[in-house]
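Letter 145 of the sequence shown, counting from 1, is numbered 150 in the numbering used here, and no numbers are missing.
Even glycine gets a Cβ: it sits at the ideal position worked out from N, Cα and C.
Just so it is clear, the structure is predicted and the values come from calculations on it, not from any experiment.
Written out below as structure tokens is the structure these notes cover.
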Amino acid sequence: MTTAPLRVALYSHDAKGLGHLRRNLALAHHLARALPGLTGRNVTGLVITGLAPGQEHRLPDGFDWLVLPGVKKAKGVYLPQRLRITREDLGLVRSALLSGVLTTFTPDLLIIDRHPYGVHQELREPLARLRQASPRARVVLGLREVLDTPVTVQREWEELGEADTLRRLIDEVWVYGDDSVHDLSATGEAPTALEERMRYTGYLAHGRDAAEATHGSEASEALAGNAEAAGTFILTTAGGGSDGVNLLRTAAAARVPDGYRHVVVTGPQLDAALFHQVAQTAGPRTIVRRSWPGMSHHIQQAAAVISMGGYNTVSEILASDTPALLVPRETPRLEQLIRATALKHAGA
């Protein structure tokens, strides 16, 4: 391949949880594998995130990270995660970084996860400048298959401002799900201004294995020294772990059926003191880990899975034959409960 490589950028604002980053990373791996065969060109790209990626996050060849200064959400407002500057100055810094990279890297394809203008519309001006610098750039808004209650979601769409501007800046909307399970248009969650540009991709399962670190991916490593066979284990996971402590404590304290081990993976974002609490409640056949590289592989190996109802873990479960119990959260959004209910109605 002698022509210039396709340039891809994937943006997520990333305040709480790992969902946005994990979706974009899975997409990056799938695009890196699929696009050369479809276009005859190699692929290079940037994964733009507000989280410092951990060792468990692997990039495709030819990709690199752009890590923005972090944000945290408090009472509905995004504040600096670490920098001792005002919210307004943080927005200016992040927007300037985004504008600089988009107008110099000039991606052929830009994929934005969930929020078309990012945090406090930090992407709005950079998108307009990208349109001027590279009119042929394709800009895609990627959405989970479930967003929230229609009233909440439509208020968020209205807060974006003029529909004409949104249509000028966003070319397509990819919905990462199956409309026979949950249809954003039927439920009233779809962005009205972009509804005719929506297409359903199916659940994002491809690319997850490549996006995960392989060290420690064998079940035997987590269960080393135990008498039971490595494959005979029950897995509990709370995704990133920032909001799963109630499930984790309950699961860790549960009696484990004879002949099984129980691996509880709290997620890297669980507070250290809370991790200690979870570990203290664990019985003799339960192992509590902060992370376990190769999670999609472990889900396939497990005898059963207990998890919250977040998009990424549910997608990994759906890509396996492993029976699962979903315990969806109900705050601050009803997304997980809606997802679990939709899957129940679909017979999953």
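Applying the criterion that 16 or more other CB atoms from any shown protein chain within 10 Å of the CB defines a buried residue, is residue i buried or exposed?
| i | result |
| --- | --- |
| residue 262 | exposed |
| residue 149 | buried |
| residue 267 | buried |
| residue 232 | Because the pLDDT at residue 232 is just 36, under 50, the model does not fix this residue reliably, and the value given afterwards should be weighed accordingly. Its Cβ having fewer than 16 others within 10 Å, residue 232 is exposed. |
| residue 19 | buried |
| residue 289 | exposed |
| residue 17 | buried |
| residue 156 | exposed |
| residue 298 | buried |
| residue 229 | Note that residue 229 scores a pLDDT of 40, beneath 50, so its modelled location is shaky; the value from the coordinates is reported in the next line. Result: exposed. |
| residue 54 | buried |
| residue 140 | exposed |
| residue 137 | exposed |
Cα separation between residue i and residue j?
| i | j | result |
| --- | --- | --- |
| residue 151 | residue 21 | 18 Å |
| residue 72 | residue 100 | 13 Å |
| residue 225 | residue 239 | Because the pLDDT at residue 225 is just 43, under 50, the model does not fix this residue reliably, and the value given afterwards should be weighed accordingly. C-alpha separation (whole angstroms): 13 Å. |
| residue 337 | residue 81 | 10 Å |
| residue 291 | residue 328 | 19 Å |
| residue 135 | residue 105 | 10 Å |
| residue 118 | residue 276 | 26 Å |
| residue 98 | residue 307 | 44 Å |
| residue 50 | residue 31 | 13 Å |
| residue 77 | residue 252 | 23 Å |
| residue 237 | residue 303 | 11 Å |
| residue 269 | residue 9 | 46 Å |
From the DSSP output, which residues share a beta bridge with residue i?
| i | result |
| --- | --- |
| residue 203 | 178 |
| residue 70 | 52 |
| residue 25 | Answer by DSSP bridge pairing: none, since residue 25 is not bridged. |
Residue i: which of the options sits nearest, CA to CA?
| i | options | result |
| --- | --- | --- |
| residue 123 | 24, 299, 185 and 96 | 96 |
| residue 63 | 34, 162 and 315 | 34 |
| residue 357 | 103, 74 and 54 | What the structure shows of the chain is the stretch from 6 to 353, and residue 357 is not part of that stretch, so it cannot be assessed. |
| residue 259 | 293, 67, 154 and 273 | 293 |
| residue 201 | 30, 172, 182 and 183 | 172 |
| residue 46 | 36, 52, 55 and 53 | 36 |
| residue 154 | 319, 114, 130 and 190 | 190 |
| residue 195 | 285, 210, 209 and 179 | 179 |
| residue 207 | 346, 26, 77 and 316 | 316 |
| residue 350 | 322, 66, 187 and 213 | 187 |
| residue 130 | 321, 174, 342 and 301 | 174 |
| residue 59 | 313, 333, 295 and 318 | 295 |
| residue 347 | 246, 184 and 88 | 184 |
| residue 210 | 344, 197 and 182 | 182 |
| residue 192 | 29, 39, 110 and 343 | 343 |
| residue 144 | 107, 160 and 126 | 107 |
**beta strand (DSSP E) runs wholly inside the region 113-143, at least 3 long, in chain order** = Counting whole runs of 3 or more residues, the region 113-143 contains the beta strand (DSSP E) stretches 114-118.
**Asked** Which residue spans inside the region 264-330 form an unbroken alpha helix (DSSP H) run of at least 4?
**Response** Complete alpha helix (DSSP H) runs here, min 4: 277-286, 300-306 and 316-323.
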